[in-house]
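Asks:
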Amino acid sequence: MHNRHLSNTSPLNHIGAEKTHDSAELHVSGKARYVDDIPQPSDTLFAYVGQSECASGEITSMNLDAVRAAEGVIDIITSEDIPGHLDIGPVFPGDPLLVDSKVSHFGQAIFAVLATSQRAARQAARLAKVEYKPQIPVLTITDAMNRSHFVRPRHRMQRGDAEKVITSAPILIEREFSIGGQEHFYLEGQVALAQPQDDDGVQVYTSTQHPTEVQKLVAEVLGISFNKVVIVTRRMGGGFGGKETQAAPWACIAALFAVRNNCAVKLRLARREDMSMTGKRHPFLARYRVACKENGELLGVEHSLAGNCGHSPDLSDAIVDRAMFHSDNAYFMPHAQVTGYRCKTHQVSHTAFRGFGGPKGIIAMESAMDDIARAVRCDPLDVRKTNLYGNDDRNLTHYDQQVRHFTVPEIIDRLEQTSNYRERRASCKAFNDSNPILKKGLALTPVKFGISFTVTHLNQAGALLLIYTDGSIHLNHGGTEMGQGLYTKVAQIVADVFGVSTDTIRISAAQTDKVPNTSPTAASSGTDLNGMAAFNAAQELKSRLKTFVSEHFSVGRKSIEFANNHVSVGDKIMTFAEVSQLAYMNRIQLSAAGYYKTPDIHYDRETASGRPFFYYANGAACTEMLVDTLTGETRCLRADILHDVGRSINPAIDKGQIEGGFIQGLGWLTSEELRWDDNGRLLSDSPATYKIPAISDTPPVFNVDLLENSPNAEATVFHSKAVGEPPLMLGISGWCAIRDAVAAIADYKISPDLDAPATPENIMRAIHALDSAA
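Residue numbering for the sequence shown follows my numbering, beginning at 103 and increasing consecutively.
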């Protein structure tokens with residue numbers, strides 16, 4: 103113990119500090135270990151899957167003799183070899199691990215092969231002779247709607263009498279447009295390494311956002327109890343939702359082979375098979391009827407949002423729900439009717455993607471805002487500002503949740519000034535008047551995004567915290583790290599509680615035998631849930647240590663302070679390590695389990711009302727685009743973003759998420775186009791046929807700022823706000839800017855019919871349609 107005052111040491115400021123990502127150096131040096139980098143046991147074998155060559159039909163015969171005879175092949179499994187559950191649907195049934203007889207999409211897994219190398223397994227899987235009795239596939243949303251072909255029943259939310267208001271409105275706007283899906287294109291593909299254990303169990307290293315679900319499904323496929331399966335995920339090389347449910351099949355197949363053959367088994371999909379066998383962001387067909395006053399103020403809205411769910415439900419019920427929840431975006435709808443359809447097609451089952459269904463609902467409403475502006479001959483920003491949520495009788499959503507602590511008006515006002523919106527709008531018009539070929543467009547659009555899983559029971563998390571006698575801290579929680587900086591943020595939270603350096607804290611891999619029954623790292627809730635669970639565990643341990651120190655030194659608890667890697671006890675201080683050692687010697691428990699559940703959230707599907715979101719994350723982007731009207735090519739010239747992250751735990755990571763989200767959203771709406779042929783085969787199945795944004799697509803002027811002095815009014819961890827998904831929808835401003843540029847051809851009197859993504863082909867179609875209408 104030292105006779106010096108604690109304030110003489112250097113302060114440690116964790117919350118709000120721009121700490122480097124915990125794996126940053128490992129990422130850039132190539133030393134970060136992913137599943138495929140784990141040293142393989144000497145007995146490791148390799149699995150691969152055989153794919154269907156038919157989108158819809160029955161398997162009439164399957165001859166695997168050539169597969170079995172291929173060089174290096176050790177074992178083959180079909181649906182008949184699965185000892186437990188065949189169906190691994192995450193919420194509703196419909197996802198067989200391997201097809202028994204009925205084929206539902208091109209590329210569906212129909213058998214699996216085990217060989218001495220991945221190359222041998224992949225080549226052998228192609229040798230199967232399979233014959234089908236094909237059926238006519240349903241491949242489009244329109245076809246599914248016409249046939250009432252759905253994976254789940256429709257759902258409807260409504261407020262007031264939209265039909266009555268629309269019928270008598272002075273201005274009525276109707277539109278239908280398609281919204282494309284999106285390939286996740288994570289850098290690390292789907293992969294799993296399974297190792298049998300000596301208690302008839304299995305341990306699986308897998309790149310998944312949902313270790314607990316993979317644990318459950320592996321156990322059910324093997325027909326064993328959950329406690330015999332351990333899932334380990336240290337990091338993913340990207341996920342974006344593509345590894346929330348769809349990492350499970352490959353882990354299940356690897357585990358089944360491992361147990362059958364009593365050896366380690368790895369299954370790693372090559373990029374082409376990964377893209378053809380895993381789901382995408384749902385393509386949507388949006389229809390709306392919008393009634394407004396002559397000043398552009400909304401009177402009534404009817405939204406119809408039809409999602410292409412693929413062949414099975416997967417997470418589509420919740421995804422379409424979220425599209426419906428966000429069909430208002432930031433705007434008050436006095437009368438509204440929102441209907442969501444879950445269309446069944448013979449494509450791979452589409453799944454979670456950053457923003458879930460939210461982007462589709464938001465882009466539909468932003469399209470409507472632009473349409474209103476053209477109809478009433480107003481600046482689109484003025485129409486948006488006219489319709490923002492407000493106070494009292496203008497703060498209730500179409501699902502009866504109050505919009506509280508709404509910062510969008512402040513964000514828009516600030517961004518309008520800092521981006522020089524008015525001056526640039528005039529400049530764009532002047533440029534367009536003098537340039538017959540190149541046209542500039544400008545759009546400032548907001549985002550209001552609900553934070554919480556809309557499936558209420560998922561809003562919970564646990565953490566396990568251990569203090570060792572040298573003062574080092576070990577933390578484990580159910581969140582997974584996919585590059586978003588979750589581990590870094592949670593370490594900062596724990597460090598702040600104890601007043602210690604973050605380098606004294608180690609967060610280990612998400613592991614199902616440490617923290618059970620975890621929720622997926624999704625819905626932008628990773629820090630909100632796991633950070634608060636870790637915070638609660640740290641507070642419990644800190645309180646325990648305070649009680650011990652108070653009693654041991656006969657001092658009041660209020661005189662004990664944890665800061666700067668030390669603990670002050672009255673007028674003396676000890677290092678945190680000394681307190682930890684002393685507590686151990688006096689038999690004080692130095693571990694704690696933390697738990698958190700989001701309060702005050704609920705949603706009743708029968709009445710389509712409730713409070714599905716704990717709070718809303720807000721932001722806005724002002725984007726300027728350049729369009730070549732001869733080729734349809736586009737270029738992003740400038741983007742200005744102002745986003746509300748509450749009290750930022752790590753501004754550097756938050757800004758990185760905002761930048762990346764915006765670019766990913768812009769890619770979804772400009773260059774990333776999914777294409778299937780008439781037989782249901784995915785054509786855009788490689789980097790050669792699917793164009794994600796490159797670093798050269800970053801706007802040369804890219805200003806990103808966080809809204810200052812805006813702590814979350816709700817009791818989140820340190821009053822921060824989620825930042826994972828909301829920024830993606832800022833990219834919608836780019837799509838709106840492209841429409842604005844095309845509208846300039848007709849002097850902004852007509853709102854272009856532009857599907858998303860705004861590829862050169864779709865832009866040229868919109869231009870030709872505009873020329874015809876003019």
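Backbone N, C-alpha and C define an ideal beta-carbon position, used for all residues, glycine too.
Quick one, are the C-beta atoms of HIS384 and HIS452 less than 8 Å apart?
Replies: Yes, the Cβ-Cβ distance between HIS384 and HIS452 is below 8 Å.
Asks: Is it buried or exposed for MET103, if we count other Cβ within 10 angstroms and need 16 for buried?
Replies: Residue placement at MET103 is flagged as unreliable, the pLDDT there being 43, under the threshold of 50; the coordinate-derived value follows with that caveat. Answer is exposed; the Cβ neighbour count stays below 16.
Asks: Evaluate the contact criterion for the region 585–603 versus the region 649–668: three or more CB pairs, one atom per stretch, below 8 Å.
Replies: Contact between the region 585–603 and the region 649–668 is present, because at least three Cβ pairs lie under 8 Å.
Asks: Going by DSSP, name the residue or residues bridged to THR547.
Replies: Partner(s): ALA723.
Asks: Assuming ALA222 contacts GLY174 under a Cβ cut-off of 8 Å, what Cβ separation, rounded to an integer in Å, is found between them?
Replies: So it is a contact: roughly 3 Å between Cβ atoms.
Asks: Closer than 7 Å by C-beta to ASP878: which residues in its own chain qualify, once you throw out the five before and the five after it? Chain order, please.
Replies: Because residue 878 is not part of the residues shown, which for the chain are 103 to 876, the question remains open.
Asks: Are the CB atoms of GLU285 and LYS382 nearer to each other than 8 Å?
Replies: Going by C-beta atoms, GLU285 is nearer than 8 Å to LYS382.
Asks: Quick one: using the 10 Å Cβ neighbour count with 16 as the cut-off for buried, is LYS231 buried or exposed?
Replies: Flag for LYS231 reads exposed.
Asks: Given this structure, state the Cα-to-Cα distance separating SER234 from PRO192, to the nearest angstrom.
Replies: First, the residue type needs correcting, since residue 234 is Tyr and not Ser in the sequence shown. Each residue's Cα considered, the two are about 28 Å apart.
Asks: What residue does the alpha helix (DSSP H) around TYR523 start on, and which one ends it?
Replies: From DSSP, the alpha helix (DSSP H) with TYR523 extends over 523–536.
Asks: Can the beta-carbon of SER892 be found less than 8 Å from the beta-carbon of PRO813?
Replies: Beyond the ends of the chain as shown, which are 103 and 876, falls residue 892; an answer cannot be given.
Asks: Measure the CB-CB distance between PHE434 and ARG336 and report whether it falls below 8 Å.
Replies: No. Outside cutoff.
Asks: Is there a Cβ from chain C that is less than 8 Å from the Cβ of VAL596?
Replies: The structure shown contains no chain C; it holds only a single protein chain.
Asks: Using three-state DSSP, classify PHE650 as helix, strand or coil.
Replies: If DSSP states are grouped into helix, strand and coil, PHE650 belongs with the helices.
Asks: For the region 857–866 and the region 764–777, state whether three or more C-beta atom pairs, one from each stretch, are separated by less than 8 Å.
Replies: In short, these stretches touch, since the Cβ pair count reaches three.
Asks: Given 8 Å as the limit, is there contact between the region 821–836 and the region 726–745, that is, 3 or more CB pairs closer than that?
Replies: Touching, yes, given that three or more Cβ pairs across the two stretches are closer than 8 Å.
Asks: Could you pull out every unbroken alpha helix (DSSP H) segment of at least 4 residues lying fully inside the region 121–188, listed in chain order?
Replies: As far as the region 121–188 is concerned, its whole alpha helix (DSSP H) runs of at least 4 residues are 126–131, 167–171.
Asks: Measuring alpha carbon to alpha carbon, tell me which residue in LEU401, ASP430, LEU199, THR269 is nearest GLN348.
Replies: Here the closest residue by C-alpha is LEU199.
Asks: Would you mind giving the Cβ-Cβ distance between ILE513 and GLY721, rounded to the nearest angstrom? I have them listed as a contact below 8 Å.
Replies: Right, their Cβ atoms sit about 6 Å apart.
Asks: Within 10 angstroms of its Cβ, does TYR697 collect 16 or more other Cβ (buried), or is it exposed?
Replies: Exposed.
Asks: Starting from the Cα of GLU375, find the closest Cα among ILE179, GLY291, ALA408, TYR307 and give me that residue.
Replies: When only C-alpha atoms are compared, the closest one is GLY291.
Asks: Can you tell me where the alpha helix (DSSP H) with PRO461 in it begins and where it stops?
Replies: Run containing PRO461: 460–478, per the alpha helix (DSSP H) assignment.
Asks: So, helix, strand or coil for SER750, using DSSP?
Replies: In the structure shown, SER750 sits in coil (DSSP, three-state: anything other than H, G, I, E or B).
Asks: Using DSSP bridges, identify the partner residues of ASN410.
Replies: According to DSSP, ASN410 bridges with CYS445.
Asks: Could you spell out the range, first to last residue, of the beta strand (DSSP E) harbouring ILE275?
Replies: Looking at the DSSP string, the run of the beta strand (DSSP E) that includes ILE275 is 273–281.
Asks: Look at the alpha carbon of VAL669 and the alpha carbon of SER798, and state the distance between them as a whole number of angstroms.
Replies: Rounded to whole angstroms, VAL669 to SER798 spans 50 Å at the Cα level.
Asks: Identify the continuous beta strand (DSSP E) that holds CYS394 and give its terminal residues.
Replies: Here the beta strand (DSSP E) through CYS394 covers 386–394.
Asks: On the DSSP bridge assignment, give the partners of HIS668 in chain order.
Replies: Answer by DSSP bridge pairing, in chain order: ALA665, THR677.
Asks: Apply the 10 Å Cβ neighbour rule to ASP145 and answer buried if 16 or more other Cβ atoms are within range, or exposed otherwise.
Replies: Its Cβ having fewer than 16 others within 10 Å, ASP145 is exposed.
Asks: Distance, Cα to Cα, GLY457 vs ILE421?
Replies: Using only the alpha carbons, I get a separation of about 9 Å.
Asks: Could you round the C-beta distance between THR731 and LYS541 to whole angstroms and report it? I think they count as a contact, below 8 Å.
Replies: About 6 Å; that satisfies the 8 Å criterion.
Asks: Return the bridge partner residues of TRP778 from the DSSP annotation.
Replies: Bridge partners of TRP778: LEU784.
Asks: Check the DSSP bridge columns for HIS745 and list the partner residues they point to.
Replies: Per DSSP, GLY721, LEU808.
Asks: ARG373 to PRO789, Cα distance in whole Å?
Replies: ARG373 and PRO789: Cα-Cα distance of roughly 9 Å.
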